[in-house]
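Working notes, structure below.
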Amino acid sequence: GGILLFDPLNIRYATDSTNMQLWTTHNPARACFVAASGYMVLWDFHGCEHLSAHLPLIKERRNGASFFYFEAGDRTNEHAARFCAQVDELLQQHACNNRRRLAVDRIEVAGLRALDALGVEVCDGQAVTEHARMIKGPDEIRAIRCAVASCEAAVNEMRQALRAGATENDVWAALHAGNIRRGGEWIETRILSSGPRTNPWYQECGPRVIRDGDLVSFDTDLIGVYGMCVDMSRSWICGGLEPTAEQKRLYRIAYEHITTNIEMVKPGVRFTELTRNGHRLPESCRAQRYGVMFHGVGLCDEYPSIRYPEDLESYGYEGELHAGMVLSVEAYV
């Protein structure tokens, strides 16, 4: 019958509409219904209908999708029922065939119960949206290339900010500033660390003062221009000093890992082929391996996640690469 979207990235993908993207990630005040017929309704934040007035795909603009507790308090069930009655009516009016079946990407508990009470068959919408976003069209590819170029410029500004006496936060701030200056939107994480904090990975940047000779490593995890994600990692040595022999050895492993795995990325290759035939890290590097060998990227880190051999049985799944997919190739050594 249709799909109901609350995730702001899915709403953006369907409508090209944005509004308070981070705030609505944890305050689901916006929603979008897309019928199988193509009829589209956007519920925006109160008083924000004008923000999408220029978008031709949206046939109706409403408000009133807020039924999370901060907004609705002890009237949550009441507001959820009112909203879901609208969705049910739209299903009846605009669904092509099955007027009782609705895919939903995510929803508050009160909303799920209200749809159940109306007799709507709710099914998983995450698979629908992830597979829809998996293949990028020409405009998306151009937008990603622009976002990458913008991110690289901001990364160069980080390099200029890196000096002895600067803090990790000082260097990280240069990435934020460069991203915003060029029309980017936000950064998903704070993964920058220096010196002894680079191992183990995932330590967030903080007030540590960087010294000459320190290794400084980071992952951009940046939502840049046109809302496109740029997942780029770099490691530098403060002060331009010569890397140690051990650092050079580890760099060669990481370089071989990434370049070998990039060569396998072709249409028709199965996910498990990438897992089984990819570059094998030395035994000494496997315990702290990254979570995935490859993952999709678009409006954020996306489907698929392609695992290391050690994780195939517990987390791996099958699939196939297609033309138009965009992947990040990972390594942590």
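In terms of the UniProt record's numbering, the sequence shown has 287 at position 287, counting the first letter as 1, and numbering is strictly consecutive. We put the CB at the ideal spot given by N, CA and C, even for glycine.
Counting of Cβ neighbours within 10 angstroms places LYS136 among the buried residues, the total reaching 16 or more. Looking at the DSSP output, PHE83 shares a beta bridge with no other residue.
As summarised for the stretch 251 to 311, the continuous alpha helix (DSSP H) elements at least 4 residues long and confined to that stretch are 271 to 277, 283 to 286, given in chain order.
Cβ contact annotation for LEU250 (same chain, cutoff 7 Å, sequence separation greater than five): VAL333, in chain order. Runs of the beta strand (DSSP E) lying entirely within the stretch 46 to 90, each at least 3 residues long, are 60 to 62 in chain order. Put simply, of GLU313, ILE306, ILE253, MET325 the residue whose alpha carbon is nearest the alpha carbon of SER284 is ILE253. The three-state secondary structure of THR167, taken from DSSP, is strand. With contact defined as three or more Cβ pairs closer than 8 Å, the stretch 166 to 173 and the stretch 191 to 211 are in contact.
Under DSSP, MET40 takes part in a beta bridge, and its partners are VAL34. Exposed is the label assigned to GLU263, since fewer than 16 other Cβ atoms lie within 10 Å of its Cβ. Short of 8 Å from the beta carbon of THR76, and not among the five residues preceding or following it, lie these beta carbons of its own chain, in chain order: PHE67, PHE68, TYR69, GLU108, ALA110.
ALA117 and ARG99 have their C-alpha atoms roughly 15 Å apart.
A distance of 8 Å or more separates the beta carbons of LEU327 and VAL292. Nearest in C-alpha terms to GLU246, of all of LEU215, LYS266, GLY239, is LEU215.
Cβ neighbours of CYS48 within its own chain (closer than 8 Å, five residues either side excluded): ASN19, ASN63. Within the same chain, Cβ atoms closer than 8 Å to the Cβ of VAL87 are found at LEU4, PHE33, LEU102, LEU115, VAL120, the five residues on either side in sequence being excluded. Look at the beta carbons and you see the stretch 214 to 228 touching the stretch 184 to 193: at least three pairs across the two are nearer than 8 Å.
Each of ASN261, LEU175, ARG30, GLN93 was checked against the Cα of ALA153, and the nearest Cα belongs to LEU175.
For the pair LEU222 and GLU188, the Cα-to-Cα distance works out to about 6 Å. Taking a C-beta distance under 8 Å as the contact criterion, VAL128 and LEU112 do not qualify as a contact pair. DSSP, read as helix, strand or coil, puts CYS229 in strand. For a cut-off of 8 Å, the C-beta gap from THR15 to LEU57 is around 6 Å, short enough to register as a contact.
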